[in-house]
Ligand code: ARG
Ligand code: ZN
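Numbering (the UniProt record's numbering), first residue to last: 1 to 876.
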């Protein structure tokens with residue numbers, strides 16, 4: 001392959017020709033599908049006459065081409081690797097093409113492909129060019145009319161976007177359905193599904209009284225697993241009406257579950273296609289976490305109908321325009337229908353672990369990148385989650401009411417258009433009257449800002465001086481960073497009263513919980529009239545996606561853990577306290593000295609365990625130690641073994657000292673009620689299971705017995721999976737092996753449960769994890785062409801910190817071997833899988849060399865643009 005070239009935002013031009021209407025006919029066949037396209041084309045008013053027509057097209061075999069009904073001779077057009085070019089065309093014309101494609105050979109899962117016996121599509125970002133010749137860019141929006149023709153016996157169901165308008169029988173056992181989508185859309189939102197599918201149907205009446213049919217299409221064996229997705233969909237539809245005033249705009253809304261899918265799901269107009277893992281649930285097969293994930297993803301894709309489909313992106317540099325906003329919307333929805341504090345804690349924990357790592361690594365990029373080689377590599381935590389944090393800051397800066405007015409303005413002003421991030425922020429600026437110029441830097445500047453904060457209380461003046469200094473570290477291609485506008489929400493908690501003190505800044509009274517604005521490199525804030533010395537509670541609710549350093553003593557942290565009125569920061573104080581203790585233990589482990597447990601942590605845990613709380617979900621979070629990955633994030637150089645040992649030591653020390661308290665919590669939260677994925681039940685289960693983790697960590701008789709009993713009771717997958725994980729991750733193979741065997745046999749027929757079975761065993765800390773991966777790669781339930789399997793086995797192993805980072809380099813080698821195979825089969829998945837290797841700079845020299853050697857070995861292959869881009873950055 002030739003060296004892939006970067007595309008730059010600064011080169012954006014409107015398309016020379018646009019499509020006003022697209023007519024498609026598919027004659028489905030596994031190895032030779034025919035696609036006929038009739039494009040209604042016209043010159044773009046901003047472009048000059050006489051320009052050539054260029055259409056994207058990849059892996060298409062052209063069978064015929066005609067312009068305004070005239071067949072084109074071979075000298076009248078040109079075919080290249082990337083597409084088709086016609087030198088001279090009129091200002092407005094019809095183009096007819098017919099191509100042949102082979103869905104069954106499409107293992108990249110972009111364009112039209114086979115999943116089991118069905119046909120399905122994934123077009124975002126640039127998959128449509130593997131279906132037909134087309135201007136495959138989001139600023140070309142057309143109405144679509146799609147006829148799907150297929151074998152009536154094997155493909156009884158034929159779906160596409162919009163509404164079905166005609167269907168009928170054809171000779172040779174074939175039939176067809178014609179679909180019309182009246183809403184102009186970019187081709188990345190096109191979808192087609194054909195197969196032997198069954199539907200579950202429901203109805204929804206919109207706020208203006210329109211009746212919408214809701215359908216979830218699945219394979220027969222999954223008919224019992226759609227209830228939760230359907231209920232989630234209806235909740236999401238109502239929520240978007242009530243919260244954003246957004247109503248659904250077609251008579252039919254369909255979701256289809258497919259087993260082979262690169263991502264979670266896709267918001268195709270009227271026909272969302274989902275990874276089966278993101279839609280199917282049943283109490284026996286899916287955990288609470290999976291139920292909540294399904295609810296969030298169903299909502300996410302539905303919300304895209306406005307934030308993404310009605311108003312879409314001008315170009316792919318603007319991806320966060322739809323993704324950041326839609327993630328913010330789905331996070332808000334999940335917070336509203338579940339426990340809001342826990343949702344925030346979960347989102348921020350994940351963000352600070354994974355997005356911070358991305359921001360600190362070689363693939364760091366701004367929320368709006370200014371260049372890329374392969375857009376498929378930019379469906380990242382930065383675009384999605386940091387993008388959502390930016391929208392959240394905007395909401396907080398302008399306040400909900402102005403934000404909602406800005407959102408209304410955005411949807412009405414740009415309805416049916418493909419727009420930019422400026423267009424969105426401008427609506428917020430107009431609706432609020434605020435100047436957001438400096439704020440825009442959040443979109444262009446990569447890297448995680450750090451704030452170093454210091455504070456001093458002056459008894460004589462009754463003043464607290466808070467000094468905030470910000471800096472953003474250099475990232476690849478961006479060495480100079482400017483000061484950002486960072487909203488810091490804070491309270492000053494009185495050390496005597498334990499209450500938030502009244503805040504007075506520059507003579508202005510701000511209440512007891514306020515936002516201050518850091519805009520310079522350094523700023524001083526003097527709070528006056530404070531009768532007692534405070535401990536500051538900073539960046540409450542994670543008010544900005546930054547690292548905030550403050551020289552808290554352990555006493556300060558224990559104080560905040562007990563007294564902070566902000567639940568999020570109370571949790572964070574506990575995490576910080578545990579991290580300080582872990583730091584000491586990591587150092588002790590490295591220096592070979594005896595580890596001593598910090599009593600302040602034990603005391604804090606005792607208080608948590610014995611205090612009355614009505615929020616069990618938050619308590620469960622508070623009792624959860626920072627993950628090894630998050631601890632690693634805090635270390636200058638990652639020592640995987642020391643981190644694992646230190647965390648295990650803390651866990652066991654707590655379990656030994658507080659055994660009775662954990663036991664009491666476990667027993668108090670045992671329940672026999674019939675399973676429902678509802679907040680109270682979920683909270684009790686998570687608290688119970690956290691307690692069980694501690695009890696099992698010391699592997700005493702009672703802990704083992706409780707865990708085995710929970711495993712065998714088979715109440716629901718949440719409890720079973722947790723118990724299986726504890727047994728499998730214990731030091732005793734005599735506990736692990738029989739449990740794994742029983743579970744594997746019981747669920748051999750259910751691919752989504754087998755995925756969990758794979759992940760649990762390859763993430764065990766015992767030294768045989770790598771051998772297990774190799775062994776399981778030959779298991780009949782494993783397949784390298786199914787992304788869920790690859791994630792469950794290989795992806796999960798690469799998160800197994802002690803074993804992936806084995807000093808013999810075998811973990812790295814295994815990952816690289818898989819990447820090399822997937823580079824040909826599925827470049828998008830291959831490129832994602834490399835991520836852990838790109839973080840080599842965080843490890844000791846020996847591991848650095850081993851990781852880089854594997855990256856070099858990958859680099860020597862004939863690489864897809866996806867893998868090429870990641871590997872080049874990692875080795876730059
Ligand atoms: N727009 C989809 C979503 O966020 C994701 C599509 C990802 N496509 C891809 N090729 N990476 O819901
Ligand atoms: Zn999305």
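Glycine residues also receive a C-beta, built at the ideal position from the N, C-alpha and C atoms.
* Is residue 481 near the ligand ZN, in the sense that its beta carbon is under 8 Å from a heavy atom of that ligand? -> Relative to the ligand ZN, residue 481 has its C-beta separated by 8 Å or more from all heavy atoms.
* For residue 120, which residues does DSSP report across the bridge? -> 113, 193
* Asked: Can you name the residues that DSSP bridges to residue 142?
  -> In the DSSP output, where bridge partners are listed per residue, residue 142 has 185.
* Asked: For the alpha helix (DSSP H) that residue 628 lies in, which residues bound it at each end?
  -> 628-634
* **Where the beta strand (DSSP E) containing residue 457 begins and where it ends** => 450-458
* Asked: Is any heavy atom in the ligand FMN found nearer than 8 Å to the beta carbon of residue 127?
  -> The ligand FMN is not part of the structure shown, which contains the ligand ARG and the ligand ZN as its ligands.
* Nearest to residue 659 (by Cα), restricted to the options 647, 628, 610, 673 -> Comparing Cα-Cα distances from residue 659 to each of 647, 628, 610, 673, the minimum goes to 610.
* Asked: Going by other Cβ atoms of all chains shown within 10 Å of its Cβ, with 16 needed for buried, is residue 208 buried or exposed?
  -> It counts as exposed.
* Asked: Under a three-way DSSP split, which group does residue 426 fall into?
  -> helix
* **Neighbour-count burial assignment, residue 5, 16 or more Cβ in a 10 Å radius** => With fewer than 16 Cβ atoms within 10 Å of its Cβ, residue 5 is classed as exposed.
* Identity of the residues DSSP links to residue 65 by a beta bridge -> DSSP, once it has assigned bridges, lists 97 as partnering residue 65.
* Who are the Cβ neighbours of residue 585 in its own chain at under 6 Å, not counting the five residues just before and after it? -> Cβ neighbours of residue 585 within its own chain (closer than 6 Å, five residues either side excluded): 595, 646, 649.
* Asked: Secondary structure at residue 508, three-state DSSP: helix, strand or coil?
  -> DSSP, read as helix, strand or coil, puts residue 508 in strand.
* **Secondary structure of residue 514, DSSP reduced to three states** => In this structure, residue 514 counts as strand in the three-state DSSP scheme.
* Indicate, with yes or no, if the ligand ARG has a heavy atom lying under 8 Å from the CB of residue 20. => no
* Asked: DSSP beta-bridge partners for residue 307?
  -> 311
* Between residue 662 and the rest of its own chain, which residues show a CB-CB distance below 6 Å, the 5 nearest in sequence each way excluded? -> 691, 694, 695
* To do: Could you check the C-alpha separation between residue 17 and residue 197 for me, to the nearest Å?
  => Their Cα atoms are separated by approximately 38 Å.
* Asked: Does the ligand ZN have a heavy atom nearer than 8 Å to the CB of residue 323?
  -> yes
* Asked: So is residue 553 buried or exposed if we call it buried at 16+ other beta carbons inside 10 Å?
  -> Per the 10 Å Cβ criterion, exposed.
* Compute the distance between the beta-carbons of residue 159 and residue 194, then report whether it is under 9 Å. => yes
* **Between the CA atoms of residue 843 and residue 189 - distance to the nearest angstrom** => 42 Å
* Contact under 9 Å by Cβ, residue 314 with residue 418 -> yes
* Separation of residue 201 from residue 252, as counted between CA atoms -> 10 Å
* **Secondary structure of residue 788, DSSP reduced to three states** => helix
* To do: Work out the CA separation of residue 502 and residue 510 for me, nearest whole Å.
  => 7 Å
* Return no unless some Cβ of chain D is closer than 9 Å to the Cβ of residue 636. => Looking for chain D here will not work: only one protein chain is present.
* Asked: What is the DSSP secondary structure of residue 215, reduced to helix, strand or coil?
  -> strand
* Which of the three DSSP states, helix, strand or coil, is assigned to residue 499? -> coil
* Quick one: is the Cβ of residue 188 within less than 8 Å of any heavy atom of the ligand ZN? -> no
* Kindly examine the ligand ZN and report whether one of its heavy atoms sits closer than 8 Å to the Cβ of residue 387. => no
* To do: Give the range of the alpha helix (DSSP H) segment to which residue 575 is assigned.
  => 567-591
* Relative to the C-alpha of residue 608, which residue among 82, 330, 623, 428 is closest? -> Checking every option, the nearest Cα to that of residue 608 belongs to 623.
* Under a three-way DSSP split, which group does residue 698 fall into? -> coil
* Mark residue 536 as exposed unless 16 or more other C-beta atoms lie within 10 angstroms of its C-beta, in which case mark it buried. => buried
* Asked: With respect to 8 Å, is the separation between the Cβ of residue 528 and the closest non-hydrogen atom of the ligand ZN below this value?
  -> No; taking the cut-off as 8 Å, the Cβ of residue 528 has no heavy atom of the ligand ZN nearer than that.
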